[in-house]
DNA sequence: CATGAATGAGCTTTCATTCAT
DNA sequence: AATGAATGAAAGCTCATTCAT
């Protein structure tokens with residue numbers, strides 16, 4: 008039998024990121040993804056049940072990674088909540104800095120999954136919960152203004168980052184990742200501090 | 008009088024907002040927009056050259072309106088830059104508060120236009136420039152930290168607002184517009200202040 | 008607007024019979040049906056929701072017609088049950104004699120509908136019921152052997168006719184319709200008589 | 008010994024009957040047949056050149072068996088033509104009674120072979136010829152009406168049986184095989200007798 | 001002989017856009 | 001201007017068949 012050479016599943020995910028980033032989810036053709044991955048169209052369906060499943064897995068992998076790495080931040084007791092938030096921002100910025108195409112896909116195509124609640128990987132919600140728990144911790148310790156809504160805050164931070172990262176990924180000449188990172192931290196940390 | 012024709016064009020735009028908000032740009036059918044507007048499918052093409060043109064006009068109209076109203080804020084000399092920014096945030100919040108469906112469309116479908124630079128209405132860039140000039144003014148007057156990047160800031164504010172407004176439009180029971188507005192102001196104004 | 012010329016729905020049904028007869032339901036391509044009907048592929052879907060719906064309508068139309076015409080036979084009081092059966096056989100034979108392609112479709116593709124009970128037009132069951140009621144009448148009047156099962160009989164007659172009509176439609180040189188009709192009547196009527 | 012290989016071929020045929028009966032020829036997947044047979048998909052092609060060949064062999068085996076067994080009936084001189092026909096009917100009924108799935112396949116999928124004359128196993132025609140020769144014998148001996156067409160008769164009997172057996176195989180609760188057998192014999196034998 | 005991953009042609013269905021009326 | 005029937009290109013997905021191991 009023909010043995011799987013290399014890791015075709017990963018090839019498809021990589022190709023998916025490229026094609027989704029370039030064309031958007033709906034314009035992306037499976038045949039183009041297959042071609043980019045160097046396999047036949049039909050082979051895509053050996054690894055993923057449909058186009059959405061590819062996008063879903065891209066998301067899942069990203070948040071699984073970020074969630075895992077953020078766990079280390081969460082449990083540290085040598086830094087306070089605001090410093091933890093800074094690390095969280097760094098985590099996200101670093102991830103996307105190393106994979107601009109992934110950034111574009113995440114920012115622009117996330118809503119294709121969010122229309123159907125089932126498609127949102129639970130791991131994503133876990134990641135958001137982590138951020139939320141840091142904010143709550145900060146409020147308890149008097150570092151973060153108690154009058155601020157946790158729900159609003161977590162979306163505010165995510166939203167800002169997403170928008171900026173998309174800007175950076177599409178026009179890296181207009182803003183560097185470090186500049187972006189520094190500004191975001193400055194605003195949020197100063198703004199959040201009581 | 009041209010009221011009748013003018014109305015029909017507006018009917019299509021209103022229908023477009025409804026249908027785009029409900030189904031997303033790519034899933035939205037022209038036939039559904041026509042039906043919602045109370046006209047025949049083919050008649051849509053008497054007013055708009057294609058589906059994208061409808062979305063484009065929705066954007067243009069929004070930013071035209073916001074741009075026009077923000078002019079009044081910009082020229083006031085009785086308030087400082089930070090207060091002007093507060094008014095800008097109010098302007099945007101009020102607009103979307105009165106038209107949640109529009110909010111959903113703007114937030115989720117904007118990237119369908121941004122893929123092609125030609126499709127971005129110049130008026131949108133003018134609006135961003137207004138915000139930028141307020142920030143620069145604030146930096147000159149020593150109200151806003153000079154080390155912050157104007158370009159990053161303007162996208163940061165827009166991005167945050169967009170994400171939060173989308174949250175509010177889709178799940179108004181989770182967060183009120185006033186809560187949202189208060190939080191955003193608190194963070195940005197405190198964060199921006201030197 | 009473009010006005011419907013002719014009867015496109017009927018054109019599609021006629022084309023469907025031709026193509027289903029030649030290629031079988033599963034091999035039949037919608038594009039071929041459209042071509043045969045002289046319209047564009049997509050236009051088929053203005054009249055029928057899918058391929059199965061075309062087959063379904065072909066069946067429905069046939070049995071509607073046969074059911075309607077058999078009503079006249081059923082209510083006659085100048086002929087007995089066996090004579091009524093003879094007329095029923097004539098009815099079916101005449102119908103198919105005038106439309107051999109329809110015969111092939113009915114005989115060979117019926118089971119594509121019968122897999123899903125919902126797809127069987129109720130009118131077909133009504134037709135079978137008519138035949139059954141004639142047999143019961145004949146049994147009551149002592150013309151038909153009481154020991155024969157009505158259920159078996161009605162399927163026996165239908166099954167024989169279907170098989171023979173298919174033979175005739177595919178190889179008309181091997182057997183004439185009149186020969187077929189005469190033989191069927193002879194066997195069943197003599198066989199059924201007490 | 009070659010038992011092992013012989014078994015595998017038979018496994019595929021048995022699996023084919025199951026899958027064809029359940030899903031129909033066109034919906035039946037080779038992979039499903041392989042799985043049912045307990046072998047790999049590709050292995051099917053070591054024994055059969057394609058999907059149609061499996062169906063073809065199922066037919067061939069059936070008619071080979073029936074043809075062989077009917078030879079014994081044909082040469083008997085202790086019973087007349089009508090009694091021989093009765094035995095032939097019993098033969099067919101018994102065969103299907105012991106293999107209802109086979110019955111379903113034979114009845115519903117036969118036309119997939121009959122579209123191409125080459126695919127019809129010659130042995131099938133030999134079986135029909137046997138039936139024909141019995142009828143001719145009966146006509147010579149004055150037991151069967153001379154005015155009846157041999158060709159029509161042989162198809163009439165086969166067709167009736169097929170349709171009824173399908174009914175029985177699919178809804179055994181509605182009619183027993185013995186009831187079916189009794190009815191068929193009664194009608195044909197009485198109907199055929201001069 | 002056996003495997004099952006890989007192939008890719010093929011087909012149904014959708015829908016933005018056109019155009020005859 | 002208005003209509004809505006008609007168009008036909010386009011793409012997701014299936015699965016019989018192949019073939020490298």
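Residue numbers (my numbering), protein chains in the order written: chain A, 8 to 201; chain B, 8 to 201; chain C, 8 to 201; chain D, 8 to 201. Just so you know, even glycine gets a beta-carbon here, dropped at the ideal spot from N, CA and C. Keep in mind it's a predicted model, so treat the numbers as computed, not measured.
Exercise. In whole angstroms, what is the alpha-carbon distance linking residue 167 of chain C and residue 156 of chain D?
Worked result: Within the third chain, residue 167 of chain C is the residue found at index 160, counting from 1. Within the fourth chain, residue 156 of chain D is the residue found at index 149, counting from 1. About 15 Å.
Exercise. If you drop the 5 nearest sequence neighbours on each side, which residues of the same chain put their C-beta closer than 8 Å to that of residue 165 of chain B?
Worked result: As a position in the second chain, residue 165 of chain B is number 158, starting the count at 1. Closer than 8 Å at the Cβ level, and outside the excluded window around residue 165 of chain B, lie 135, 138.
Problem set entry | Three-state secondary structure assigned by DSSP to residue 200 of chain D | As a position in the fourth chain, residue 200 of chain D is number 193, starting the count at 1. Strand.
Exercise. Is it buried or exposed for residue 119 of chain D, if we count other Cβ within 10 angstroms and need 16 for buried?
Worked result: As a first step, residue 119 of chain D must be located in the fourth chain, where it is residue number 112. Buried, since its Cβ has 16 or more Cβ neighbours within 10 Å.
Exercise. So, do the segment 122 to 130 of chain A and the segment 78 to 85 of chain A have three or more beta carbon pairs nearer to each other than 8 Å?
Worked result: no
Exercise. Which residues, in order along the segment 37 to 51 of chain A, keep a beta-carbon less than 7 Å from a beta-carbon of chain B?
Worked result: none
Exercise. Could you give the uninterrupted runs of the alpha helix (DSSP H) lying entirely in the segment 57 to 120 of chain A, keeping only those of 4 residues or more?
Worked result: 58 to 82, 88 to 104
Problem set entry | Collapsed DSSP secondary structure at residue 151 of chain C in the structure displayed | Here residue 151 of chain C corresponds to residue number 144 of the third chain, with the count starting at 1. Note: residue 151 of chain C maps to strand in three-state DSSP.
For this session: Kindly list, in the order they appear in chain B, the residues whose Cβ is closer than 9 Å to that of residue 170 of chain A.
Result: In the first chain, counting from the first residue as 1, residue 170 of chain A sits at position 163. Neighbours of residue 170 of chain A on chain B, chain order: 162, 163, 165, 166, 167, 169, 170.
Exercise. Since residue 195 of chain C meets chain D, which of its residues come closer than 9 Å, beta carbon to beta carbon?
Worked result: For the purposes of this step, residue 195 of chain C is taken as the residue at position 188 of the third chain. Near residue 195 of chain C (Cβ distances below 9 Å), the residues of chain D are 194, 198.
Problem set entry | Beta-carbon proximity list for residue 71 of chain A, same chain, < 6 Å, skipping 5 on both sides | Your numbering for residue 71 of chain A matches position 64 in the first chain. These residues qualify, in order along the chain: 130.
Exercise. Can you give the beta carbon distance from residue 199 of chain C to residue 194 of chain D, rounded, assuming they're within the 8 Å contact cut?
Worked result: Position 192 of the third chain, counted from the first residue, corresponds to residue 199 of chain C. Position 187 of the fourth chain, counted from the first residue, corresponds to residue 194 of chain D. That pair is a contact at about 7 Å.
For this session: On a CA-only basis, which of D:21, D:56, D:44, D:87 is nearest residue 145 of chain D? Give me that one, please.
Result: Counted from its first residue, the fourth chain places residue 145 of chain D at position 138. Selected option, being the one with the closest Cα: D:87.
Problem set entry | Euclidean distance between Cα positions of residue 42 of chain A and residue 26 of chain C | Counting from one through the first chain, the residue named residue 42 of chain A turns up at place 35. Counting from one through the third chain, the residue named residue 26 of chain C turns up at place 19. Spanning the two alpha carbons is a distance of roughly 36 Å.
For this session: Would you check if the distance between the CB atom of residue 52 of chain D and the CB atom of residue 16 of chain D is smaller than 8 Å?
Result: Position 45 of the fourth chain, counted from the start, is the residue given in the question as residue 52 of chain D. Position 9 of the fourth chain, counted from the start, is the residue given in the question as residue 16 of chain D. No, they are not a contact pair.
Exercise. Mapping DSSP to helix, strand and coil, what is residue 25 of chain A?
Worked result: As a position in the first chain, residue 25 of chain A is number 18, starting the count at 1. Here residue 25 of chain A sits in helix by DSSP.
Exercise. In whole angstroms, what separates the C-alpha of residue 11 of chain D from that of residue 18 of chain D?
Worked result: In the fourth chain, residue 11 of chain D corresponds to position 4, counting from 1. In the fourth chain, residue 18 of chain D corresponds to position 11, counting from 1. Residue placement at residue 11 of chain D is flagged as unreliable, the pLDDT there being 47, under the threshold of 50; a coordinate-derived value is accordingly withheld.
For this session: Kindly say whether residue 132 of chain C, judged by its beta-carbon, lies nearer than 8 Å to any beta-carbon of chain D.
Result: For the purposes of this step, residue 132 of chain C is taken as residue 125 along the third chain, with counting starting at 1. No, residue 132 of chain C lies away from the interface with chain D (no Cβ there is under 8 Å from its Cβ).
For this session: Could you list the residues in the segment 138 to 163 of chain C with a C-beta less than 8 Å from some C-beta on chain D, going in chain order?
Result: 152, 154, 155, 156, 158, 159, 160, 162, 163
For this session: Could you check the C-alpha separation between residue 185 of chain A and residue 101 of chain A for me, to the nearest Å?
Result: Against the first chain, residue 185 of chain A aligns to sequence position 178. Against the first chain, residue 101 of chain A aligns to sequence position 94. Whole-angstrom Cα-Cα distance: 10 Å.
Exercise. Grouping DSSP H, G and I as helix and E and B as strand, with all else coil, what is residue 9 of chain D?
Worked result: Residue 9 of chain D sits at position 2 when you count from the first residue of the fourth chain. Confidence at residue 9 of chain D is low in this model, with a pLDDT of 40, below 50, so the placement of that residue should be treated as unreliable; the coordinate-derived value is given next. In the structure shown, residue 9 of chain D sits in coil (DSSP, three-state: anything other than H, G, I, E or B).
Problem set entry | Closer than 8 Å to chain C by CB, residue 112 of chain D | The count along the fourth chain starts at 1 and reaches residue 112 of chain D at position 105. Chain C, which has no Cβ nearer than 8 Å to the Cβ of residue 112 of chain D, makes this no.
Exercise. Enumerated in chain order, which unbroken segments of the beta strand (DSSP E) with a length of 3 residues or greater are wholly contained in the segment 153 to 199 of chain D?
Worked result: none
Problem set entry | residue 45 of chain B - DSSP class collapsed to helix/strand/coil | By one-based count along the second chain, residue 45 of chain B stands at place 38. Looking at residue 45 of chain B - three-state DSSP - the assignment turns out to be coil, as it is neither helix nor strand.
Exercise. Assuming residue 160 of chain A contacts residue 171 of chain A under a Cβ cut-off of 8 Å, what Cβ separation, rounded to an integer in Å, is found between them?
Worked result: Along the first chain, one-based indexing puts residue 160 of chain A at 153. Along the first chain, one-based indexing puts residue 171 of chain A at 164. Wrong, their Cβ atoms sit about 17 Å apart, outside the cutoff.
Exercise. Taking the alpha-carbon positions, what's the residue 142 of chain D to residue 151 of chain D distance?
Worked result: Translated into the one-based positions of the fourth chain, residue 142 of chain D becomes position 135. Translated into the one-based positions of the fourth chain, residue 151 of chain D becomes position 144. Taking the straight line from one Cα to the other gives about 7 Å.
For this session: Could you work out which residues of chain C lie near residue 185 of chain D, taking near to mean beta carbons separated by less than 7 Å?
Result: To locate residue 185 of chain D, count along the fourth chain from 1; it is residue 178. Result: empty, since nearest Cβ-Cβ is about 11 Å, beyond 7 Å.
Exercise. So, is the C-beta of residue 122 of chain B closer than 8 Å to a C-beta in chain A?
Worked result: In the second chain, the residue the question calls residue 122 of chain B occupies position 115. At least one chain A Cβ lies under 8 Å of residue 122 of chain B.
For this session: Note down, in chain order, each residue of its chain lying with its Cβ closer than 8 Å to the Cβ of residue 68 of chain D, except the 5 sequence neighbours on either side.
Result: Within the fourth chain, numbered from 1, the residue matching residue 68 of chain D stands at position 61. Once the five neighbours on either side are set aside, the close Cβ partners of residue 68 of chain D are 20.
Exercise. Among C:196, C:132, C:28, which residue has its Cα nearest to the Cα of residue 176 of chain C?
Worked result: As a first step, residue 176 of chain C must be located in the third chain, where it is residue number 169. Per the Cα distances, C:28.
For this session: Compare the beta carbon distance of residue 116 of chain A and residue 31 of chain A with 8 Å and say whether it is the shorter of the two.
Result: The residue given as residue 116 of chain A occupies position 109 in the first chain. The residue given as residue 31 of chain A occupies position 24 in the first chain. Against a cut-off of 8 Å, the Cβ pair of residue 31 of chain A and residue 116 of chain A comes out as a contact.
Exercise. Beta-carbon separation of residue 24 of chain D and residue 109 of chain D under 8 Å?
Worked result: The sequence position of residue 24 of chain D within the fourth chain is 17, counting from 1. The sequence position of residue 109 of chain D within the fourth chain is 102, counting from 1. Cβ atoms of residue 24 of chain D and residue 109 of chain D: closer than 8 Å.
Exercise. From residue 196 of chain D to residue 89 of chain D, what does the alpha carbon distance come to, in whole angstroms?
Worked result: Here residue 196 of chain D refers to the residue found at position 189 when the fourth chain is read from its first residue. Here residue 89 of chain D refers to the residue found at position 82 when the fourth chain is read from its first residue. Cα to Cα, residue 196 of chain D sits roughly 7 Å from residue 89 of chain D.
Exercise. Would residue 191 of chain A pass as a contact of residue 163 of chain B if the rule is Cβ separation under 8 Å?
Worked result: Taking the first chain and counting its residues from 1, the one referred to as residue 191 of chain A is at position 184. Taking the second chain and counting its residues from 1, the one referred to as residue 163 of chain B is at position 156. It is a contact, given that the beta carbons lie within the stated cut-off.
For this session: Could you check what DSSP says for residue 34 of chain B in three-state terms: helix, strand or coil?
Result: As a working note, residue 34 of chain B is residue 27 in the second chain. Three-state result, residue 34 of chain B: coil.
Problem set entry | Contacts around residue 104 of chain D, its chain only, beta-carbon distance under 6 Å, and the 5 residues preceding and following it disregarded | The count along the fourth chain starts at 1 and reaches residue 104 of chain D at position 97. Only 184 meet the Cβ criterion.
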